[in-house]
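In our numbering, the protein residues as written are 2 to 594. Heads up, the thing below is written out as structure tokens.
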């Protein structure tokens, strides 16, 4: 007999950890949720991931595997916290607290009941969770009873049978603490009746609690009656493993009642069912308990016969045992879940690194863009400044040229001993020069100031070349002379050219006309003379005159180019021979302030 016992012991030491009770439905449900979880991970649907974790946790919870349910509820809770989904977070946190309470992790359970209460998505759940936290943490029995009673009322109002059954079961614990045995019995029986239709696992736990209560109070007949009643329930009759477990529990009651004969009958029945249905672990438990009873009665032959029978049937028993297959499937499924989590972490890490690279690249590009923007803006400012300096330089270059020509005129008056005319000329010249100098610092000056300067200039030249030309200045009455702004000293060089290189070479008196007209949104300036013309003027010029004229016209045209570039004024200039002389046309986009 000892040899058989040692062999059996070695077998279960080797395989005992693999042979645990496993409901096939649990495996199927976990597999189904794992498929959903895989799709949710692939689609990056975190809400669906959290839901799958919750459903897996609830499957284990309903099967009584509270440690596993806690593991998956925590995973679900972490995601719902990240998503700030208060409704589901409240639900999973409460369920997590219940899993921890069933494992007697009271400190953690209290903490999670309080967290669920603080979320406060549902008013009734807020109160329920707060009461459960008080129930577990309060050392005062009256406070526990009050919290439980409040939860019972809420559960009745919401017709929540599971929480209601739990409430009556908890109230029975308070009744036992207060030594109110009849009330404890009443509450446990009522809790069992409520739960058996909707929560079989809870009903079994309450029934076990009830039978333990009867046994502790030496009321073995009621304990037997309670256990026999649960054996008649469909959720036990239809589940051979649970049926075997309940028969074994009933046998334990008979053993405690000191009725080993009835216990042996029950254990043999449990052993036969376990053999027929392929429940290796349950068969082994029955063998161990029977062997213990045979040892007490010193029935060695029966013990040897039992072990021989068990070991002889063991290969067939193991081949029929679905728990081994289910366990392997569940183990593979959980490994798949773990693999999914690792893949998700890896993907998240890759995405994080990619995002860091992308954000760094974007940041670098932004910095580079800002740097380029500032460089271009600085270069643009430098270019504009350089152009303004060039424009100012050209303006200043025009002034000495004009002064030199005017002083030549004064010199001529003095040379001809025409002191009076020289004095008059100098007076007009000084007035003109003051105006020129005052306006030389600005790119644009009021039209009226420029007109005054041109009129003064024409008067001076008329004084010098009185017998060479007459002139006329026409201003369109549609021009807003008060607000119009034009470039200073832009027209004067063309007037000077007309007088010095065209009109003064005529044998007869010539005519010079300056007109300002408004055409659409442009100012059209026309300078017409009936001098000798461009080609004839070139023939009569000295080399020195040609150089001076080239420099003066070049400066004027360069000023026009710079003004267009800086201010987009669309200034254009054309010089051409006309029938009677030369015509200069300047068009200028109007600007007024």
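Glycine included, each C-beta is placed from N, C-alpha and C at the ideal position.
Local Cβ density within 10 Å of residue i, reported as buried at 16 or more and exposed below that
| i | result |
| --- | --- |
| residue 580 | exposed |
| residue 118 | buried |
| residue 577 | exposed |
| residue 133 | buried |
| residue 73 | buried |
| residue 349 | exposed |
| residue 214 | buried |
| residue 66 | buried |
| residue 447 | buried |
| residue 362 | exposed |
| residue 81 | buried |
| residue 256 | buried |
| residue 360 | exposed |
| residue 60 | buried |
| residue 301 | exposed |
| residue 297 | exposed |
| residue 219 | exposed |
Beta bridge counterpart(s) of residue i as assigned by DSSP
| i | result |
| --- | --- |
| residue 523 | 520, 590 |
| residue 364 | In DSSP, residue 364 forms no bridge with anything. |
| residue 1 | A query on residue 1 cannot be resolved here, the shown segment of the chain reaching from 2 to 594 and no further. |
| residue 584 | 529, 577 |
Terminal residues of the alpha helix (DSSP H) in which residue i lies
| i | result |
| --- | --- |
| residue 44 | Careful: residue 44 lies outside any alpha helix (DSSP H) and carries neither H nor E. |
| residue 230 | 221 to 232 |
| residue 162 | 162 to 178 |
| residue 188 | 182 to 196 |
| residue 540 | 535 to 541 |
| residue 213 | 201 to 217 |
| residue 239 | Residue 239 -> no alpha helix (DSSP H), and no H or E assigned at all. |
| residue 308 | 301 to 321 |
Residue i versus residue j - alpha carbon distance
| i | j | result |
| --- | --- | --- |
| residue 377 | residue 367 | 15 Å |
| residue 252 | residue 279 | 20 Å |
| residue 163 | residue 202 | 11 Å |
| residue 262 | residue 111 | 46 Å |
| residue 93 | residue 103 | 15 Å |
| residue 184 | residue 75 | 37 Å |
| residue 454 | residue 540 | 31 Å |
| residue 465 | residue 419 | 11 Å |
| residue 194 | residue 291 | 33 Å |
| residue 124 | residue 165 | 17 Å |
| residue 141 | residue 311 | 52 Å |
| residue 596 | residue 370 | One cannot answer for residue 596 here, as it falls past the ends of the chain, which runs 2 to 594. |
| residue 130 | residue 364 | 48 Å |
| residue 176 | residue 169 | 10 Å |
| residue 598 | residue 380 | No answer is possible for residue 598: it lies beyond the span of the chain, which begins at 2 and ends at 594. |
| residue 564 | residue 570 | 7 Å |
| residue 58 | residue 42 | 18 Å |
| residue 35 | residue 336 | 10 Å |
| residue 488 | residue 416 | 36 Å |
| residue 431 | residue 462 | 14 Å |
| residue 271 | residue 283 | 8 Å |
| residue 526 | residue 459 | 16 Å |
| residue 504 | residue 375 | 54 Å |
| residue 37 | residue 50 | 8 Å |
| residue 317 | residue 308 | 15 Å |
| residue 31 | residue 70 | 11 Å |
| residue 40 | residue 245 | 39 Å |
| residue 116 | residue 98 | 10 Å |
| residue 584 | residue 481 | 25 Å |
| residue 156 | residue 147 | 14 Å |
| residue 254 | residue 33 | 39 Å |
| residue 196 | residue 171 | 14 Å |
Continuous beta strand (DSSP E) stretch holding residue i: start and end
| i | result |
| --- | --- |
| residue 576 | 573 to 578 |
Residue i at chain D interface by Cβ criterion, 8 Å
| i | result |
| --- | --- |
| residue 490 | Checking the listed chains, one finds no chain D in this structure; it contains a single protein chain. |
Task: Within the segment 102 to 142, ranges of the alpha helix (DSSP H) (whole runs, at least 4 residues) - done: 107 to 120, 124 to 138
TODO: Ignoring anything shorter than 4 residues or poking outside the segment 440 to 504, list the alpha helix (DSSP H) runs there in chain order.
DONE: 448 to 465, 493 to 502
Task: Secondary structure, alpha helix (DSSP H): runs of 4+ residues fully inside the segment 256 to 284 - done: DSSP runs (the alpha helix (DSSP H)) wholly in the segment 256 to 284: 261 to 278.
TODO: Please list the segments of the alpha helix (DSSP H) lying wholly inside the segment 54 to 89, counting only runs of 4 or more residues, in order along the chain.
DONE: 67 to 84
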